[in-house]
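Worksheet: the structure to be examined is printed underneath.
What follows is the structure in structure tokens.
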């Protein structure tokens, strides 16, 4: 799937988990974190959305609030480095080392991304394992979406267990998918998580 589809899949995941736990963290903030996390597995592709983000984009995080605090306020300084793409060289190295859709597209990698989330939990003072779940869940949503494409993924590498589906990256699902995921995200924001749980669908 394309980056825009992965991002919206992560947004839905983040919003859903916030609503599921009924926590004080804003579902919109949870959606943003989930969306960013959903892009991380594509660090193995130099042409991916996350690999080509310039550092200036991070300045937007300076306005994110957790409770009454803005723990990432210092990120505002990033606007002075809008020319710099820090992840591009990392992406090139990862791609040449392991290739695309390999170890960064495994549940093990999602776990590592989740550990970063647990550190953020401690730094920001957010209760429970909420950020761990949102960030790990966002990364995992990437695997799920890539897992329904014809190329598929090997989520348990080095085990050669592959999951794949009928869809082609860049085709119909990547065109309508982001809008469908956006619609679901808005629905969850309005109606809460209970209405999309299996067996609990309400009209």
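In the working numbering, the protein residues as written are 78 to 280.
Where a beta carbon is used, it is the ideal one built from N, C-alpha and C, also for glycine.
Take the Cβ of residue 78 as the centre, count every other Cβ of all protein chains shown within 10 Å, and call the residue buried at 16 or more, exposed below.
The residue you call residue 78 lines up with position 1 of the chain shown. So residue 78 ends up on the buried side.
Does the stretch 224–234 come close enough to the stretch 173–185 that 3 or more CB-CB pairs lie under 8 Å?
Taking 8 Å as the limit for Cβ pairs, the verdict is that the stretch 224–234 does touch the stretch 173–185.
Between which two residues does the alpha helix (DSSP H) carrying residue 251 extend?
Start at 1 with the first residue of the chain shown, and residue 251 comes out as number 174. Where residue 251 is concerned, the enclosing alpha helix (DSSP H) stretches over 249–268.
In chain order, each alpha helix (DSSP H) run of at least 4 residues that lies wholly inside the stretch 161–225:
The stretch 161–225 contains these whole alpha helix (DSSP H) runs: 164–175, 184–201 and 207–223.
When DSSP labels each residue in this structure, what does residue 240 get in the three-state scheme?
What you label residue 240 is simply residue 163 of the chain shown in a count that begins at 1. Shown here, residue 240 sits in a strand according to DSSP, grouped into three states.
6 Å Cβ shell around residue 273 - same chain, five flanking residues per side excluded:
Position 196 of the chain shown holds residue 273. Confidence in residue 273 is poor, its pLDDT being 48 and thus under 50, which makes the residue's placement too unreliable to answer from.
Assuming residue 114 and residue 190 are in contact, meaning their beta carbons sit under 8 Å apart, how far apart are those beta carbons, in whole angstroms?
As a working note, residue 114 is residue 37 in the chain shown. As a working note, residue 190 is residue 113 in the chain shown. The beta carbons of residue 114 and residue 190 sit about 6 Å from each other, so the pair counts as a contact at 8 Å.
Nearest-angstrom Cα separation, counted from residue 218 out to residue 256
Position 179 of the chain shown holds residue 256. Position 141 of the chain shown holds residue 218. Whole-angstrom Cα-Cα distance: 16 Å.
Using a Cβ-Cβ cut-off of 6 Å (strictly less than) and excluding sequence neighbours within five positions of residue 89, which residues of its own chain qualify?
As a working mapping, residue 89 is identified with position 12 in the chain shown. The answer, listed in chain order, is 258, 261 and 262.
How many angstroms separate the CA atom of residue 199 from the CA atom of residue 107?
Position 122 of the chain shown, counting from 1, holds the residue named residue 199. Position 30 of the chain shown, counting from 1, holds the residue named residue 107. When only Cα atoms are considered, residue 199 and residue 107 end up about 16 Å apart.
Thinking C-alpha only, which one of 164, 98 and 110 is nearest residue 121?
Mapped onto the chain shown, residue 121 falls at position 44. Answer by Cα proximity: 164.
For residue 181, collect the residues of the same chain with a Cβ closer than 8 Å to its Cβ; drop the 5 residues on either side in sequence, then sort them by chain order.
To locate residue 181, count along the chain shown from 1; it is residue 104. Scanning its chain for C-beta atoms nearer than 8 Å, with the 5 sequence neighbours on each side dropped, one finds around residue 181 the residues 117, 118, 119, 120, 121, 171 and 175, in chain order.
Closer than 6 Å by C-beta to residue 87: which residues in its own chain qualify, once you throw out the five before and the five after it? Chain order, please.
Your numbering for residue 87 matches position 10 in the chain shown. Counting only Cβ-Cβ distances below 6 Å, and skipping sequence neighbours, we find 111, 112, 114, 115, 215 and 218.
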